[in-house]
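Novice:
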Amino acid sequence: MRPDALIFDVDGTLAETEELHRRAFNETFAEAGLTWRWSRADYRILLRTTGGKERIAAFLTREGLDPRAVDIPALHYAKTARYGALMAAGAIGLRPGVAELIDRARRAGLRLAVATTTSRPNVEALTLAVWKRPAAEVFDVLACGDEVAAKKPDPEIYRLALVRLGLSPASCLAFEDSRNGLLSALGAGLACIVTPSAYTEGEDFRGARAVLPDLSSFTLET
Numbered sequence: 002m003r004p005d006a007l008i009f010d011v012d013g014t015l016a017e018t019e020e021l022h023r024r025a026f027n028e029t030f031a032e033a034g035l036t037w038r039w040s041r042a043d044y045r046i047l048l049r050t051t052g053g054k055e056r057i058a059a060f061l062t063r064e065g066l067d068p069r070a071v072d073i074p075a076l077h078y079a080k081t082a083r084y085g086a087l088m089a090a091g092a093i094g095l096r097p098g099v100a101e102l103i104d105r106a107r108r109a110g111l112r113l114a115v116a117t118t119t120s121r122p123n124v125e126a127l128t129l130a131v132w133k134r135p136a137a138e139v140f141d142v143l144a145c146g147d148e149v150a151a152k153k154p155d156p157e158i159y160r161l162a163l164v165r166l167g168l169s170p171a172s173c174l175a176f177e178d179s180r181n182g183l184l185s186a187l188g189a190g191l192a193c194i195v196t197p198s199a200y201t202e203g204e205d206f207r208g209a210r211a212v213l214p215d216l217s218s219f220t221l222e223t
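The sequence shown begins at 2 in this note's numbering and counts up by one.
#1: Would you mind sorting G85 into buried or exposed? The rule is 16 or more other CB atoms within 10 Å of its CB.
#2: With distances taken Cα to Cα, identify the nearest neighbour of R180 among K153, I158, A192.
#3: Pick helix, strand or coil for V142, following the three-state DSSP scheme.
#4: Leaving out the 5 sequence neighbours to the left and right, which residues in its chain are closer than 6 Å to I8 when beta-carbon positions are compared?
#5: So, T81 versus N123, is the Cβ gap smaller than 8 Å?
#6: So if DSSP puts L113 in a beta bridge, which residue, or which two residues, is it bridged to?
#7: Check this for me: beta carbons of A25 and L127, under 8 Å apart or not?
#8: In this structure, does DSSP put L95 in helix, strand or coil?
#9: Nearest by alpha-carbon distance to T187: which of G208, W39, D178, D12 is it?
#10: Please name the residue in K133, R3, D205, Y200 whose C-alpha comes closest to that of A89.
#11: For chain B, is any of its Cβ atoms less than 8 Å away from the one on A6?
#12: Measuring alpha carbon to alpha carbon, tell me which of I194, T51, L168, V71 ends up nearest A150.
#13: I need the DSSP call for F60, collapsed to helix, strand or coil.
#14: Whose C-beta lies closer than 8 Å to the C-beta of A16 among residues of the same chain, with five residues either side of it excluded?
#15: Let me confirm a value: G65 is counted as buried when at least 16 other C-beta atoms fall within 10 Å, else exposed. Which label applies?
#16: If Y159 sits next to S185, beta carbons under 8 Å apart, how far is it from one beta carbon to the other, in whole angstroms?
#17: Tell me which residues share the same chain as E177 and place their Cβ nearer than 7 Å to its Cβ, disregarding the 5 neighbours each side in the sequence.
#18: Taking the runs of the alpha helix (DSSP H) that are 4 residues or longer, which of them lie wholly in the segment 119–167?
#19: On a Cα-Cα basis, can you pick out the residue from D215, D155, D205, L61 that is closest to G190?
#20: Does DSSP put E177 in a helix, a strand or coil?
#21: Between P4 and the rest of its own chain, which residues show a CB-CB distance below 7 Å, the 5 nearest in sequence each way excluded?
#22: Does the beta-carbon of E138 have 16 or more other beta-carbons within 10 angstroms, so that it is buried, or is it exposed?
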């Protein structure tokens, strides 16, 4: 049955943004005079913790440092600004099939939502970079990480998106790229399509309606 709404994760699902996030973190650390540098291997592990501020805290704890000794919100704010600047400079594009699916969904009268652990400014930066429009002109509903107490794999962010859509889980379809995202969607009662990203390939996606390389072959009847 065709859904009434599609709900998208952002990082890794709409676009392969994680490498750009890693670059922004490292450049922000260097600008702040910190010696931290996250390799791709480091970042793959750190991505198991959802949310940028939470990721910094997890890194500090792993390194035996006290997260309370660092102004994590200020550091993350600077990182978000740098990420937005990189995005605006054209350092990102949508994953295959995403733009086409959103266009088809609009023409079919479906509603569109975002349910993400990233911040609203990061969502805005992406939509301005790739659609040349604010997020509210691309999506009917935005549910972003700073609006909930618990982040993925907790289902709270999807429940918030459903409340704002005014729809039941059975009438919506979620799109994710990670196991944490899949668990979040399933926990909210949603069926979920997974398109693994560069940092999530090989994760356990049991429970997904389908696992696809990207959305280029996806149809609303899939």
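All C-beta atoms, glycine included, are put in the ideal place defined by N, C-alpha and C.
Specialist: Inspection of the coordinates gives the following:
#1: buried
#2: K153
#3: strand
#4: A114, A116, A162, C173, A175
#5: yes
#6: L7
#7: no
#8: strand
#9: The sequence shown places Leu at residue 187, rather than the Thr named in the question. Selected option, being the one with the closest Cα: G208.
#10: K133
#11: The displayed structure is made up of one protein chain only, and chain B is not part of it.
#12: T51
#13: helix
#14: I93, G94, L95, R96, V99, L127, V131
#15: exposed
#16: 6 Å
#17: D10, T14, L183, A186, C193, V195
#18: 121–131, 136–139, 157–166
#19: D155
#20: strand
#21: L111, S172, C173, L174
#22: exposed
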